[in-house]
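Structure, as structure tokens:
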Amino acid sequence: MKRMKSATGAVFAALYAAAFGVAYVDFLRKTGQWFADIWLVLVALPFTLAMRWLAGGSYDFSGDATTRVIAAAAFCCALAYLAGALVEAAVRACFRFVTRIWRKV
2 MKRMKSATGA VFAALYAAAF GVAYVDFLRK TGQWFADIWL VLVALPFTLA MRWLAGGSYD
62 FSGDATTRVI AAAAFCCALA YLAGALVEAA VRACFRFVTR IWRKV
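Numbering (the working numbering), first residue to last: 2 to 106.
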């Protein structure tokens, strides 16, 4: 199996990591207020849903749990990378299909 390299996946993962960083800094600025971690929870929604499914229905995620925030960032960035790689593979396949006439196979 070829190594999975994807520029689009790397860009998607970097953007997701930036979103996590911005949401965490926002949480740190609003610590102690009501709904201080709302943006962090929304950015980590794929992780939260996956963990709820694995845990059987209940999973507590908040900005106070630093290890969970790091795990959520890693999981969501990997998911974004995979999504970007799939999009890139689909675009490449479509491009190959459209240009098959001009290429010698």
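Cβ coordinates follow ideal geometry from the N, Cα and C atoms, glycine included.
As assigned by DSSP and simplified to three states, the class of residue i
i    : result
A90  : helix
T9   : helix
R30  : helix
M2   : Low confidence applies here, because M2 scores a pLDDT of 40, under 50, leaving its location unreliable; read the following figure in that light. Note: M2 maps to coil in three-state DSSP.
F127 : Because the chain here runs from 2 to 106, residue 127 falls outside it and cannot be looked at.
F36  : coil
A15  : helix
Pairwise C-alpha distance: residue j and residue i
i   : j    : result
K31 : A37  : 5 Å
A52 : I102 : Here residue 52 is Met; the residue named in the question, Ala, does not match the sequence. Going by the C-alpha atoms only, they are around 47 Å apart.
V26 : W35  : 16 Å
V92 : A86  : 10 Å
I71 : R97  : 39 Å
M2  : L83  : Summary for M2: the model assigns pLDDT 40, below 50, so the residue's position carries little reliability, and this model does not support an answer.
F21 : A66  : 14 Å
A94 : L29  : 44 Å
Supposed contact pair residue j and residue i - C-beta distance, whole angstroms, cut 8 Å
i   : j   : result
A15 : A74 : Their Cβ separation, rounded to whole angstroms, is 12 Å, which puts A15 and A74 out of contact at 8 Å.
Whole runs of the alpha helix (DSSP H) within the stretch 40–89, excluding any shorter than 4 residues: 46–56
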